[in-house]
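**Student:** So that you can map any letter, position 54 of the sequence shown is 54 in full-length UniProt numbering, and since no number is skipped, the others follow by simple counting. Glycine is no exception: its CB is placed at the ideal position from the N, C-alpha and C atoms. Treat the numbers as computed from the prediction; the structure is a model and nothing was measured.
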Amino acid sequence: MKVNITSDRVLVRLKEEAKGGYKIPKGGWFEVVSCPNYMGEMAEWLGWVGLGCAKLVTSCACIFSLYIRKFGAESKSA
Numbered sequence: 001m002k003v004n005i006t007s008d009r010v011l012v013r014l015k016e017e018a019k020g021g022y023k024i025p026k027g028g029w030f031e032v033v034s035c036p037n038y039m040g041e042m043a044e045w046l047g048w049v050g051l052g053c054a055k056l057v058t059s060c061a062c063i064f065s066l067y068i069r070k071f072g073a074e075s076k077s078a
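#1: Within 10 angstroms of the Cβ of TRP48, are there 16 or more other Cβ atoms? Answer buried if so, exposed if not.
#2: Count the other C-beta atoms from every protein chain shown that fall within 10 angstroms of the C-beta of SER34, then say buried if there are 16 or more, exposed otherwise.
#3: For TRP45, count the other beta carbons within 10 Å of its own beta carbon; 16 or more makes it buried, fewer makes it exposed. Which is it?
#4: For GLY40, is the classification buried or exposed, using 16 other Cβ atoms within 10 angstroms of its Cβ as the cut-off for buried?
#5: Compute the beta-carbon to beta-carbon distance between ASN37 and LEU56, rounded to the nearest angstrom, for a pair I have assumed lies under 8 Å.
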């Protein structure tokens, strides 16, 4: 999220300085990638996806373990 915020600040400042013209953004993550605000947004959402998947995998493992304890071999055939 910090990448997003700092990149947006650079763009806002650049827009104020350009006064209707175009300028190349410099500094921060703009030295590494062309669109760091989009990169930051993608990284943020990928983080949420990773957390969601980790939660689902953990829940599935717990439920499977519960089924094995409660129903034994019968639960494997379902």
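**Tutor:** In terms of the structure at hand:
#1: exposed
#2: exposed
#3: exposed
#4: buried
#5: At roughly 29 Å, the Cβ-Cβ gap does not stay under 8 Å, so ASN37 and LEU56 are not in contact.
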